[in-house]
Structure formats: C-alpha cells, structure tokens
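Read through the structure below, which is laid out as structure tokens, and then see the notes.
In this note's numbering, the protein residues as written are 1433 to 1570.
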C-alpha cells in the first residue's frame, strides 16, 4: 500500500498539471473477499489498496486523471504463488479450478490486458473501479 501511495503522490502533480493521466493499481481478489491463502496481512493490505484507489479517483477525477485497479485471481506468476499452488495438493487444486468459470488459472497476459484497457483512451470515463480478472470466480 505504501508504494502505491508514494507513487501516486509522485506522479499526480504532473498528471494534474497536464489535465490527463492514468493510475492503475494491482490489487487482488483477496482485496474483495476472503483470501484462499488465509494470510490476514495480505488480505488487509489488498483491501487498503482498493480503498486507496477509490479515494484517489475521487480526488483526481476533476483533474483528468483516472485511478482504477485490477484484482487478479490466482495467477502462477512467481515462485511464491507456484509454491502455494503446489502446497494445495491435487484435490484442492481441482476444487479451485472447478470454482473458476473459465476452468483455468489466470496468466500474466490476462492481467496485462486489463491494465492496457485501463491505460487506453477507451477507459477515459472509467475511474474508481476495481476489475476482477479471475475467470469468473468472483
């Protein structure tokens, strides 16, 4: 949360002076509902990031800056998430996959596509939103 806060403070003055900008945070499905990991600090931090995104959107919208967040579902994008996935075991993995409407885990490309959308002109009138990119799990 701190890094998103500091980054927004650093870029907002330039964006507001130009009358245009995009701030996109990466939250998590854990910021919208209880986490599969059961890690309270992670879930609390992601909820805080969602709150920061929404507050910044209120403060910056009048200056032409949109602030939105992408909330990924389970994506095996780093060693930590891979270890968590492996620790679930095959039965729990199957239950998780079954709970996802698309019947697969997300990919980094899935998340990048959502970020690119929020950064585009097509999202110019969208602010303060959290987009769940979780294959329909939420």
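Glycine included, every Cβ here is placed at the ideal spot set by N, Cα and C.
Owing to the predicted nature of the structure, the values given are computational and were not obtained by experimental measurement.
(request) Compare the C-alpha of residue 1456 against each of 1435, 1539, 1500, 1466 and name the closest. (result) For the purposes of this step, residue 1456 is identified with residue 24 of the chain shown, where counting begins at 1. That would be 1500, whose Cα lies nearest to the Cα of residue 1456.
(request) Verify whether the separation of the beta carbon atoms of residue 1502 and residue 1550 is less than 8 Å. (result) Translated into the one-based positions of the chain shown, residue 1502 becomes position 70. Translated into the one-based positions of the chain shown, residue 1550 becomes position 118. The answer is yes: Cβ separation under 8 Å.
(message) Can you look up residue 1558 in the DSSP assignment and give me helix, strand or coil?
(response) As a first step, residue 1558 must be located in the chain shown, where it is residue number 126. Here DSSP, grouped into helix, strand and coil, assigns residue 1558 to coil.
(message) Do residue 1504 and residue 1460 have their beta-carbon atoms positioned less than 8 Å apart in this structure?
(response) Reading the chain shown from its first residue, position 28 is the one you call residue 1460. Reading the chain shown from its first residue, position 72 is the one you call residue 1504. With respect to residue 1504, residue 1460 sits close: the two C-beta atoms are nearer than 8 Å.
(request) Determine which residues share a DSSP beta bridge with residue 1448 and list them. (result) Walking along the chain shown from the start, residue 1448 turns up at place 16. Answer by DSSP bridge pairing: none, since residue 1448 is not bridged.
(request) Could you work out which residue in 1520, 1545, 1485 is closest to residue 1434 when comparing CA atoms only? (result) Looking up residue 1434 in the chain shown gives position 2. If we check each option's Cα against that of residue 1434, 1485 comes out closest.
(message) With DSSP as the reference, identify every bridge partner of residue 1483, one or two as the case may be.
(response) On the chain shown, residue 1483 is found 51 positions in, with the first residue counted as 1. Bridge partners of residue 1483: none, in fact.
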